[in-house]
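If you count by the working numbering, then the sequence shown holds residues 1 to 454, one letter each, in order. Glycine included, each C-beta is placed from N, C-alpha and C at the ideal position. Note that the structure is a prediction, hence the values are computed from the model and not measured. Structure record follows, encoded as structure tokens.
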Amino acid sequence: MGFDYDLFVIGAGSGGVRAARMASTYGAKVAIAEEYRYGGTCVIRGCVPKKLLVYAARFQGSFEDAAGFGWSLDEPSFDWASLIAAKDKEIDRLSQIYVKLLDQSGVTSFDDRAEIVGPHEIKLVNENRSISAERILVAVGGTPFKPDVPGKDLGITSNEAFHLTDLPNAITVIGGGYIAVEFASIFNGLGAKTTLAYRGPKVLRGFDVDIRDGLTKALIDRGIDVRLGVSPQKIEKKGDDLTLHFDDGAQLQTDQVMFATGRVPKTDGLGLDNAGVKVGSKGQIEVDGFSQSSVPSIYGVGDVTDRVNLTPVAIREGAAFAQTVYNDQPTNVDHELIPTAVFSEPEIGTIGLTQEEALSAHGEIDVYKSEFNPMKNTISGRVEKTIMKVLVAAKTDRVVGVHILGPDAAEIVQALGIAIKMGATKADFDATMALHPSAGEELVTMKDKVTVGG
Ligand code: NDP
């Protein structure tokens with residue numbers, strides 16, 4: 001039976017574009033549809049613009065630290081509009097690169113919303129026409145979720161945060177996950193009076209407990225009003241001011257409320273039910289190790305499958321799909337030991353198990369922990385401890401988790417990730433010469449341990 005295309009990809013984000021380009025390179029006839037902008041969440045309104053705002057926000061700390069090193073600066077001033085314009089220019093450039101790469105790979109692009117009509121049929125919504133394909137790859141990603149509180153429409157999400165016309169004087173960020181702590185740090189660094197309101201007892205549930213405690217303290221010390229154990233009950237607007245009511249009875253006047261309360265797969269109205277694709281409770285496409293859904297001709301990669309919602313993972317899943325289906329090389333994505341970072345201020349880099357997880361997985365573990373004032377702080381006068389933790393399975397000496405809070409944590413953990421993935425032991429760490437003076441040298445000079453469990 002003849003199809004219009006061998007492969008039709010819905011969504012031109014990190015995973016979809018990688019899969020489309022590789023499949024085309026392997027000889028498949030490929031089309032891709034994108035309803036918004038090429039590049040997807042990461043490039044357009046996620047990791048990339050976020051990191052640019054993080055860089056901007058960190059200047060504040062650098063200005064403060066500079067005095068200790070002999071610099072005197074006039075009162076620095078900041079212009080939000082200039083930052084957003086520069087960020088938008090860079091994002092446009094990157095989005096165009098995605099368009100060009102698809103074109104150069106021979107992929108046909110449709111600037112349109114695509115919905116699934118059946119196992120081999122897609123409808124382009126604006127063009128109002130059907131297209132057939134032997135296989136469909138769904139790579140539509142996720143979208144921010146707002147809890148159902150009265151007045152929630154008065155609040156923004158990370159989508160809108162990138163396009164505010166002005167920097168708010170005061171902003172309240174709801175949530176305690178990646179996006180919440182990153183944006184609270186950004187707004188605080190840029191000079192907004194920032195509140196972080198989280199329903200749990202410590203931010204960043206799922207991260208190592210010492211890192212969670214350390215970050216909470218650092219956020220408070222840097223001037224963020226951190227409120228724990230509270231949930232929003234309603235938002236009201238009077239004039240230009242918003243009033244946020246919490247479930248403990250407290251009220252807060254603020255200019256903006258930003259919900260960073262998680263993301264959900266963007267499968268609403270996508271037509272997955274038309275083809276009988278099985279989805280989970282959050283609307284995620286359920287897939288096997290080769291990203292194949294319950295309908296053999298339909299696959300899913302990236303956040304829409306809600307496995308590990310990170311860009312490099314989506315890219316690997318897209319590549320593995322193309323290898324498996326179009327290059328006769330069945331490839332399973334390994335979701336173990338993924339290094340990850342949180343670009344809060346200070347930042348976090350982590351790989352492997354938390355102390356709690358390591359204990360339950362290995363019974364007995366050696367915990368090496370170091371808390372120190374980074375060298376730069378000695379002269380700058382800043383008091384903010386770097387925390388480093390190395391968790392070792394006592395029986396095998398294998399390093400099963402590394403957690404860092406402090407400057408350059410992301411860079412350190414990315415490089416360290418290679419050793420951990422290769423199965424490095426504590427003895428391997430000890431045999432590695434220190435690079436002095438650096439923060440990372442702490443990892444290979446740790447001697448004091450506490451043995452837990454067993
Ligand atoms: P997370 O799942 O990390 O955090 C969501 C937060 O919202 C949690 O603190 C959660 O609380 C809270 N929350 C959820 N529902 C409610 C509710 N009804 N009322 C109040 N609070 C609520 O999601 P994010 O949106 O921060 O990030 C989404 C994903 O994007 C991440 O999981 C990550 O994979 C990815 N990401 C990665 C980044 C990176 O690598 N640097 C940066 C940004 C995002 P609780 O903990 O109690 O459930």
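C-alpha gap between residue i and residue j, whole angstroms
i	j	result
glycine 46	alanine 184	15 angstroms
threonine 267	threonine 243	33 angstroms
glutamate 64	lysine 237	36 angstroms
glycine 15	asparagine 274	23 angstroms
leucine 228	valine 325	48 angstroms
alanine 341	alanine 85	26 angstroms
lysine 389	glycine 70	33 angstroms
threonine 254	aspartate 241	6 angstroms
threonine 459	alanine 81	Lying before the first or after the last residue shown, residue 459 is absent from the chain, which here runs from 1 to 454.
serine 72	leucine 252	37 angstroms
glycine 461	glutamate 345	This structure gives no information on residue 461, because the portion of the chain shown stretches from 1 to 454.
arginine 382	phenylalanine 207	25 angstroms
leucine 421	serine 438	The question names leucine, but residue 421 is lysine in the sequence shown. Distance between the alpha carbons of lysine 421 and serine 438: 23 angstroms.
cysteine 42	alanine 260	16 angstroms
leucine 204	phenylalanine 3	47 angstroms
valine 444	glycine 214	22 angstroms
proline 265	methionine 22	24 angstroms
arginine 135	asparagine 332	19 angstroms
threonine 386	asparagine 373	6 angstroms
glutamine 323	leucine 102	17 angstroms
proline 147	arginine 263	11 angstroms
leucine 83	arginine 18	30 angstroms
alanine 434	isoleucine 224	35 angstroms
alanine 415	serine 291	28 angstroms
isoleucine 10	threonine 425	43 angstroms
aspartate 448	leucine 219	28 angstroms
glycine 401	threonine 108	43 angstroms
glutamine 233	histidine 245	5 angstroms
aspartate 88	glycine 453	51 angstroms
glycine 177	glycine 239	31 angstroms
methionine 258	asparagine 188	13 angstroms
leucine 137	tyrosine 299	5 angstroms
Residue from the options with nearest C-alpha to residue i
i	options	result
aspartate 221	Glu384, Gly118, Glu442	Glu384
alanine 394	Tyr368, Met375, Lys376	Tyr368
isoleucine 179	Tyr198, Lys193, Leu167, Ala170	Tyr198
glycine 440	Gly454, Val264, Pro407	Pro407
phenylalanine 78	Ile387, Ile186, Phe246	Ile186
alanine 192	Thr386, Gln256, Arg205, Lys217	Gln256
glutamate 371	Glu442, Leu190, Val264, Arg205	Glu442
threonine 451	Tyr36, Glu364, Arg205	Glu364
serine 297	Asn126, Asn309, Phe321, Leu310	Phe321
glycine 276	Ser293, Ile122, Ile131, Asp88	Ser293
glycine 289	Val399, Leu405, Val308, Gly106	Val308
glycine 461	Ile91, Ala19, Asn327	With the chain represented from 1 up to 454, any question about residue 461 goes unanswered, as that position is not in the structure.
leucine 337	Phe343, Thr354, Thr331	Thr354
lysine 311	Ala66, His335, Ser24	Sequence inspection shows threonine at residue 311; the lysine mentioned does not correspond to that position. For threonine 311, the nearest C-alpha among the options comes from His335.
glutamate 456	Asn377, Met375, Ile348	Past the boundaries of the shown model lies residue 456; the chain is included only from 1 to 454, so the question cannot be answered.
glutamate 121	Ala218, Val17, Leu270	Leu270
isoleucine 32	Phe8, Asp366, Lys51, Ile44	Phe8
isoleucine 379	Thr25, Gly68, Ala28, Leu94	Gly68
alanine 427	Met446, Pro339, Pro330	Met446
aspartate 247	Val230, Met258, Phe429, Ile235	Val230
proline 295	His245, Glu127, Pro119, Ser158	The amino acid at residue 295 is misidentified as proline; the sequence shows valine. Of the listed residues, the one whose Cα sits closest to valine 295 is Pro119.
asparagine 377	Ser62, Lys29, Gln233, Asn327	Ser62
serine 132	Ser105, Val30, Gly106, Thr194	Val30
asparagine 128	Ala114, Val400, Gly453	Ala114
proline 76	Leu190, Ser109, Ile404	Leu190
isoleucine 49	Ala161, Val209, Ser24	The amino acid at residue 49 is misidentified as isoleucine; the sequence shows proline. The candidate whose alpha carbon is nearest that of proline 49 is Ala161.
valine 399	Gly352, Ala28, Val413	Gly352
is_contact[residue i, chain D] using C-beta, thresh 8 angstroms
i	result
histidine 403	The structure shown contains no chain D; it holds only a single protein chain.
Entirely within the region 137-220 and at least 4 residues each: give me those alpha helix (DSSP H) ranges in chain order.
158-161, 178-190
Can you list the alpha helix (DSSP H) stretches of 4 or more residues lying completely in the region 242-329, in chain order?
272-275, 311-326
Quick check for students: name the residue ranges of the beta strand (DSSP E) that lie wholly in the region 5-34, counting only runs of 3 or more.
5-10, 30-33
Counting pairs of Cβ atoms below 8 angstroms between the region 49-58 and the region 357-376, do you hit three or more?
no
So does the region 273-290 actually touch the region 166-178, counting three or more Cβ pairs closer than 8 angstroms?
no
In chain order, each beta strand (DSSP E) run of at least 3 residues that lies wholly inside the region 104-135:
108-110, 114-118, 121-124
Do the region 151-162 and the region 314-323 touch if we need at least three Cβ pairs shorter than 8 angstroms?
no
Are the region 290-307 and the region 134-142 touching by the rule of at least three beta carbon pairs closer than 8 angstroms?
yes
As an exercise, report each continuous alpha helix (DSSP H) stretch of at least 4 residues that is fully enclosed by the region 378-416, in chain order.
none
Output the residue ranges of the beta strand (DSSP E) runs that lie fully inside the region 340-367 and measure 3 residues or longer, sorted by chain position.
340-342, 348-352
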